[in-house]
Every structure is written in C-alpha cells, then in structure tokens.
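Engineer: Sending over a structure as structure tokens; questions will come in a sec.
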Amino acid sequence: SAPTSMPTTGLSALLERLRDLLGDNAVLTGTDVTNREVDWLSKAPCHAAAILRPATPHQVQEIMRLCHAARQPVVTHGGLTGLVHGAEAQPEELVISLERLNAIEHLDPVAGTIQVQAGVPLQRVQEAAAAADMQFPVDLGARGSCTIGGNIATNAGGNRVIRFGMMRQQVIGLEAVLANGELISSMSPMLKNNAGYDLKQLFIGSEGTLGIVTRAVLRLQPALTDTRTALVACPSFDAVTTLLTRLRHQLGGSLSAFEVMWQSHFALIAEHSGRHTPPLATSAPYYALVESLSADSDRHQSLFERAMEDAFAQGLVEDAVIAQSGTQRESLWAIRDDIEGIVEALSPLMAFDVSLPIEHMQDYVSGVETELRSRWPEARLVVFGHLGDGNLHLSVSISENTQATRHEVEHCLYQPLAALNGSISAEHGIGLEKRDWLPISRSPAELALMTTLKQALDPHGLLNRDKVLRWPQSGGESI
Ligand code: FAD
Numbered sequence: 004s005a006p007t008s009m010p011t012t013g014l015s016a017l018l019e020r021l022r023d024l025l026g027d028n029a030v031l032t033g034t035d036v037t038n039r040e041v042d043w044l045s046k047a048p049c050h051a052a053a054i055l056r057p058a059t060p061h062q063v064q065e066i067m068r069l070c071h072a073a074r075q076p077v078v079t080h081g082g083l084t085g086l087v088h089g090a091e092a093q094p095e096e097l098v099i100s101l102e103r104l105n106a107i108e109h110l111d112p113v114a115g116t117i118q119v120q121a122g123v124p125l126q127r128v129q130e131a132a133a134a135a136d137m138q139f140p141v142d143l144g145a146r147g148s149c150t151i152g153g154n155i156a157t158n159a160g161g162n163r164v165i166r167f168g169m170m171r172q173q174v175i176g177l178e179a180v181l182a183n184g185e186l187i188s189s190m191s192p193m194l195k196n197n198a199g200y201d202l203k204q205l206f207i208g209s210e211g212t213l214g215i216v217t218r219a220v221l222r223l224q225p226a227l228t229d230t231r232t233a234l235v236a237c238p239s240f241d242a243v244t245t246l247l248t249r250l251r252h253q254l255g256g257s258l259s260a261f262e263v264m265w266q267s268h269f270a271l272i273a274e275h276s277g278r279h280t281p282p283l284a285t286s287a288p289y290y291a292l293v294e295s296l297s298a299d300s301d302r303h304q305s306l307f308e309r310a311m312e313d314a315f316a317q318g319l320v321e322d323a324v325i326a327q328s329g330t331q332r333e334s335l336w337a338i339r340d341d342i343e344g345i346v347e348a349l350s351p352l353m354a355f356d357v358s359l360p361i362e363h364m365q366d367y368v369s370g371v372e373t374e375l376r377s378r379w380p381e382a383r384l385v386v387f388g389h390l391g392d393g394n395l396h397l398s399v400s401i402s403e404n405t406q407a408t409r410h411e412v413e414h415c416l417y418q419p420l421a422a423l424n425g426s427i428s429a430e431h432g433i434g435l436e437k438r439d440w441l442p443i444s445r446s447p448a449e450l451a452l453m454t455t456l457k458q459a460l461d462p463h464g465l466l467n468r469d470k471v472l473r474w475p476q477s478g479g480e481s482i
C-alpha cells in the first residue's frame, strides 16, 4: 500500500533496506499505519512514515544500526495506552512497534522471577504468575492492552502502589537497545547486584528517550488469594486521611489499595452515567475504595471487619458496603476504573495526573476549582486519586477546547504545585503534553543533568525526539 507521506529518497532507500532485513510483513505503510490510534483519549491516527515490527531483540538492534547510520528518528510503540502523547510520531519518523516481541521466556518459582519480552501485555504476565500460584502486583485499568515495555518506559503506577511500589520496584533485570544499535544487557536475575552503576534505572521512566527496552526480569510476589474490598463514604477529608492512617496500622501492612473519589466523581460515575447500580447514596463528600490482600483468610476477614467497625464507631465512615463475592468486588472496582464513563460524560475533557503531599490536597483541589470557575463559570472538575500515593487524577471539562484554553487550564492546575513541592506528573510521564511544564517540578540543575544524559546516550536525538525534553530547533543536530 502507498506510504502515508511521500518519503524522501533517503527514507525510501532506508525502508527498502528494512524490508530486506525484516521481511515485507514487518514494514507497514499507508492505511496500515493511519488505521492505528496513537492516543487513547483523542483516538488520533498514527502519522509515521512506516511502522516496523521486529520479531527479536536482535532485529531491534539491526533497525537501530541502520537508523543511526541514516540519522533517522524513531518512536517506540507498546500497547498505545499512554496518556501524554508519548507515542505520537511525525510524518518523517519511523515507528518501532514491539507487538511481536511478546514471549514469556521463563518463570522461576524458586527465585520468584519472570523473564519476558517487552511487548507482552501486562495482563498476560499477571495470568502467567497466577498460574504458578504467584502474583505480579502492578495493576492498572489498561492491563489488557498496555505492555511491560510501556510500563517500564513510563514507570507505571496503578492501583497497588501503596503496598508493592511502582514498576521500578518490580524490575530486577532489563535489556535495552541504544540509539546506535548497541544492546545493553542488564538481565542479571540477582536481587543483590551493587557492581557499579545500576544502569537499568536509566531506562525505567525515561519514556523511550534513552533506549528501547526489549526484555526484562520482573519480581513476582506470593499469591495473596484472600481479598477484602469495601467502598466507604467519609464525612470529611480529615476522616479520609485518618482512615488511611488507621487502616495502614490495623491491617498489619496488608492494605493494598486506598482509592479516593471526590463526591463529584463518584456521583457522576455511580449515578448519572447510568452505567452502574450505585452501591451507596451519592451525597457524601468523599468515597474510598479500600482493599486488603492476605494469604490467611480467617484472620484477615476478622481483621478487616474489625477495622471497618472501628471506622464506623469513630465516625470516620458514615456508610459502607463490603464486597461479599468476587462479582461484587468487581462491580465496586468497575466504578473506580470507569475512565471511559468520565470521558463520555465530560467530553471535551482535559485529564490531569499530579502528585502533592496529602495534607495539601483538599486546599489544592478547592483552589483549582475556584480558579477554574472564576475564568469559566461552566467549568466542571471531577477528582479521584490513589490517595495513599499522594496522586490525584483531575478531569476538567469546559466548553472552549482550544490549545490556548488548554494552556490556561494547565496553568491553573500546575502552577500551584511549585510551592507545594508537588509533581506535574505522578505516574503518566511527560511525553509531549507536559514537556514545557517540566521546570515546575524539576530544578535547572536537574534539567541540565537530564540533557547531559540524553546527549550522552542519544546525541543525534533519534529516540522519541522532542518528548520529555525539547529537541533544539536550531543550532545543529546535537543538543
Ligand atoms: P505506550 O502507550 O505504547 O507508550 C508509552 C510511552 O512509552 C511512549 O513514550 C513510548 O514511546 C514508550 N515505550 C513504549 N514501549 C517502550 C519500550 N519497550 N521501550 C522504550 N520505550 C517504550 N498509568 C499508570 O501509571 N497508572 C494507572 O493507573 C493507569 N491507568 C490507566 C488506565 C487507562 C484506562 C489507560 C488508557 C491508561 C492508564 N495508564 C495508567 C497509562 C498507561 O496505561 C501506562 O502509561 C502504560 O504504562 C503505557 O504502556 P503502553 O504499553 O501502552 O505504552
């Protein structure tokens, strides 16, 4: 099929060589490219000159050797669920999709590790771990589509960070291809390995700007099959934070999720969307979805129920539903996970992911709301968060949806974070969307060091150019 844009002679020649190297079915052009959506929220099509589908880490190396020689910029694609435009590609760029690097290579039940290729979807790793009576604890709504490589590149967080940490905490070993095609193998499965710099950390959370992750060794946890879940209504923000502190202690470290929905968010999804049966009245100011995981069911059940009774007795909770079955648990989580319902109800929607100290959250949210309403009286703000991680997700809907308005809204949300020592990105990364706001969360010295690292690993800016850090528009090809 015809290429998406007319390639330059150099690009045509490069694509010919890549076809020879990978085979025709591994080089997609034309509608095979434009039919792919690179942005989960806007459904924008892919504009790259071609999509390359290597089947082995060695083929990724070969691609990068050729692209390096031709100074050809590339963008890496995992499951395309990222939320900061990190997978967008320009018409003159090539996409490297890791969809065929999808093997689970080895599971070691004694060491408690699993070795996988980067294109494996998260859910398949969770299922493989469960089949071996273990668990892979990172979990997020996009589990069926997002890939381990994408999770590593974005240092994904999700629903159980409070107990198990982010993706970074699960990665024991990693393999990545550099911009010049060199393969860096840090695949040692050893938990303890202090032999010099921990190079794998460079690639975790750097959003594909320093290397292409091709394989990883991940840490597994023992299966914790007894799950206790409750949705509780809290009368105040103080009650929410006190409840969090109490549950951490009372549940003896088994608290695995503490997801808080502001009334506006809960009412919109549970009631107005028509997509769920509201499990609780929707008039309380805050709702928390609380989950605890343990291997020991009898003791765990009584611990959890006692903690809930105490919370009632102390006035921290005014209403609650405790899941009595897996199906009930799923329907409670379906409310929290219903991002599509939010998008449907609030379209056009601007979605934000920030972190800040819990003690400042309530003032931050009400300050943002006041500021938005003073500029756009019709503005709607709905909020939920992985509260125990200091992470809030804010969705804003206003009728104007121009670039200029978006910038003003971003200013309202991001500027207050500077004084609070907060972050403009808790877990989604920077991509293109937040790049120009990075100085709010990083000092000039930190930004300079990031630039030095980029320059050392990718001096020609071939990997995810312009993402995270702006690629200079003038002044030669090196930063
Ligand atoms: P992609 O979207 O394909 O890529 C994301 C970025 O990583 C891009 O910059 C890409 O170039 C780069 N990249 C991808 N693969 C590689 C690789 N192998 N090597 C180098 N760079 C690579 N995120 C959270 O953290 N927590 C959540 O709770 C959460 N919930 C979500 C819920 C929904 C419904 C959706 C749609 C998204 C959610 N996300 C969440 C965001 C997203 O799922 C994560 O960012 C995920 O880790 C991205 O993985 P992916 O394979 O889809 O990556």
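The opening residue of the sequence shown carries number 4 in this note's numbering; numbering runs sequentially from there.
Cβ coordinates follow ideal geometry from the N, Cα and C atoms, glycine included.
1. Taking contact to mean at least 3 C-beta pairs separated by less than 8 Å, is the region 162 to 169 in contact with the region 126 to 146?
2. Have a look at the DSSP bridge pairing and note the partners of V87.
3. Please name the residue or residues paired with L94 in a DSSP beta bridge.
4. What is the DSSP secondary structure of D366, reduced to helix, strand or coil?
5. Would you list, in sequence order, the uninterrupted alpha helix (DSSP H) runs of no fewer than 4 residues that lie entirely inside the region 14 to 57?
6. Could you give the first and the last residue of the continuous beta strand (DSSP E) run that contains L397?
7. Quick check on this structure: which residue in G147, F315, V113 and K203 has the alpha carbon closest to the alpha carbon of Q129?
8. Under the DSSP definition of a beta bridge, which residues are partnered with G176?
9. Hey, out of K470, G184 and E308, whose CA is closest to L254's CA?
10. Does the separation of the CB atoms of L213 and L456 fall below 8 Å?
11. Roughly how far, in whole angstroms, is the beta-carbon of L234 from the beta-carbon of V324, given that I think they are within contact range, below 8 Å?
12. Under a three-way DSSP split, which group does S305 fall into?
13. Identify the continuous alpha helix (DSSP H) that holds I443 and give its terminal residues.
14. Could you tell me if the beta carbon of I207 falls within a distance shorter than 7 Å of some heavy atom in the ligand FAD?
15. Does DSSP put T330 in a helix, in a strand, or in coil?
16. Tell me which residues share the same chain as L69 and place their Cβ nearer than 7 Å to its Cβ, disregarding the 5 neighbours each side in the sequence.
17. Using CA atoms only, rank isn't needed, just tell me which of R56, D241, L292 and R251 is closest to G388.
18. Would you call W440 buried or exposed, if buried means 16 or more other Cβ atoms sit within 10 Å of its Cβ?
19. Name the two residues that bound the continuous beta strand (DSSP E) containing V386.
20. Under 8 Å between the Cβ atoms of A382 and V399?
21. Nearest-angstrom Cα distance between G464 and H88?
22. Check whether the Cβ of T59 lies closer than 7 Å to any heavy atom of the ligand FAD, and answer yes or no.
23. Using only alpha-carbon positions, find the residue among L397, L97, P447 and S444 that is nearest to M264.
24. Can you find a heavy atom of the ligand FAD that lies under 7 Å from the Cβ of T488?
25. Starting from R251, follow the beta strand (DSSP E) in both directions and report where the run begins and ends.
26. Is G81 closer than 8 Å to T150 when the C-beta atoms are compared?
27. Following the continuous beta strand (DSSP E) through F206, name the residue where it begins and the one where it ends.
28. Under a three-way DSSP split, which group does P462 fall into?
29. Checking 8 Å against the spacing of the C-beta atoms, do T483 and E210 come in under that value?
30. Comparing C-alpha positions only, which one of L283, F261, G256 and L258 sits nearest to F269?
Structural biologist: With the given structure in hand:
1. Because the criterion of three Cβ pairs below 8 Å is met, the region 162 to 169 and the region 126 to 146 touch.
2. For this step, residue 87 is matched to residue 84 along the sequence shown. In the DSSP output, where bridge partners are listed per residue, V87 has none listed.
3. Position 91 of the sequence shown holds residue 94. Position check: residue 94 holds Pro in this sequence, whereas Leu was assumed. In DSSP, P94 forms no bridge with anything.
4. By 1-based counting over the sequence shown, the position of residue 366 is 363. Residue state for D366 is assigned as helix, using DSSP reduced to three classes.
5. Runs found: 34 to 37.
6. Locating residue 397 in the sequence shown gives position 394, counting from the first residue. Its beta strand (DSSP E) spans residues N394 to S400.
7. Against the sequence shown, residue 129 aligns to sequence position 126. Restricting attention to G147, F315, V113 and K203, the CA atom closest to the CA of Q129 is found in G147.
8. Within the sequence shown, the letter at position 173 stands for residue 176. For G176, the beta-bridge partners assigned by DSSP are V220.
9. Taking the first residue of the sequence shown as 1, we reach residue 254 at position 251. Selected option, being the one with the closest Cα: E308.
10. Residue mapping note: residue 213 aligns to position 210 of the sequence shown, counting from 1. Residue mapping note: residue 456 aligns to position 453 of the sequence shown, counting from 1. Going by C-beta atoms, L213 is nearer than 8 Å to L456.
11. Position 231 of the sequence shown, counted from the first residue, corresponds to residue 234. Position 321 of the sequence shown, counted from the first residue, corresponds to residue 324. Their Cβ separation, rounded to whole angstroms, is 5 Å, which keeps L234 and V324 in contact under 8 Å.
12. Working through the sequence shown from its first residue, we reach residue 305 at position 302. Three-state result, S305: helix.
13. Locating residue 443 in the sequence shown gives position 440, where the first residue counts as 1. First-last of the alpha helix (DSSP H) with I443: L441 to S444.
14. Numbered from its first residue, the sequence shown carries residue 207 at position 204. For the ligand FAD, no non-hydrogen atom lies closer than 7 Å to the CB of I207.
15. Here residue 330 is taken as the residue at index 327 of the sequence shown, counted from 1. Looking at T330 - three-state DSSP - the assignment turns out to be helix.
16. Sequence index remark: in the sequence shown, residue 69 carries index 66 (1-based). Excluding its 5 nearest sequence neighbours in each direction, L69 has C-beta neighbours in its own chain below 7 Å: L17, R20 and L21, listed in chain order.
17. In the sequence shown, the residue the question calls residue 388 occupies position 385. Residue L292 is the option with its Cα nearest to G388.
18. For this step, residue 440 is matched to residue 437 along the sequence shown. In this structure W440 is buried. Its beta-carbon is surrounded by 16 or more other beta-carbon atoms within 10 angstroms.
19. Within the sequence shown, residue 386 is the residue found at index 383, counting from 1. Following the DSSP letters along the chain, one finds V386 inside the beta strand (DSSP E) bounded by residues R383 to H389.
20. Reading the sequence shown from its first residue, position 379 is the one you call residue 382. Reading the sequence shown from its first residue, position 396 is the one you call residue 399. Cβ atoms of A382 and V399: closer than 8 Å.
21. Taking the sequence shown and counting its residues from 1, one reaches residue 464 at position 461. Taking the sequence shown and counting its residues from 1, one reaches residue 88 at position 85. Between the C-alpha atoms of G464 and H88 there is a straight-line separation of about 18 Å.
22. Your numbering for residue 59 matches position 56 in the sequence shown. Between the ligand FAD and T59, a heavy atom-to-CB distance of less than 7 Å is absent.
23. On the sequence shown, residue 264 is found 261 positions in, with the first residue counted as 1. With distances taken between Cα atoms, M264 lies closest to L397.
24. The structure shown does not extend to residue 488, since the chain is modelled only from 4 to 482, so the question has no answer here.
25. Here the question's residue 251 lines up with position 248 in the sequence shown. Element bounds for R251: not the beta strand (DSSP E) but the alpha helix (DSSP H), F240 to Q253.
26. The residue you call residue 150 lines up with position 147 of the sequence shown. The residue you call residue 81 lines up with position 78 of the sequence shown. Going by C-beta atoms, T150 is nearer than 8 Å to G81.
27. As a first step, residue 206 must be located in the sequence shown, where it is residue number 203. No beta strand (DSSP E) contains F206, which is instead part of the alpha helix (DSSP H) from K203 to F206.
28. Within the sequence shown, numbered from 1, the residue matching residue 462 stands at position 459. When secondary structure is reduced to three states using DSSP, P462 falls in the coil class, being assigned neither helix nor strand.
29. Residue 483 lies beyond the range of the chain shown here (4 to 482); nothing can be said about it.
30. Stepping through the sequence shown from its first residue, residue 269 is reached at position 266. The option with the nearest alpha carbon to F269 is L283.
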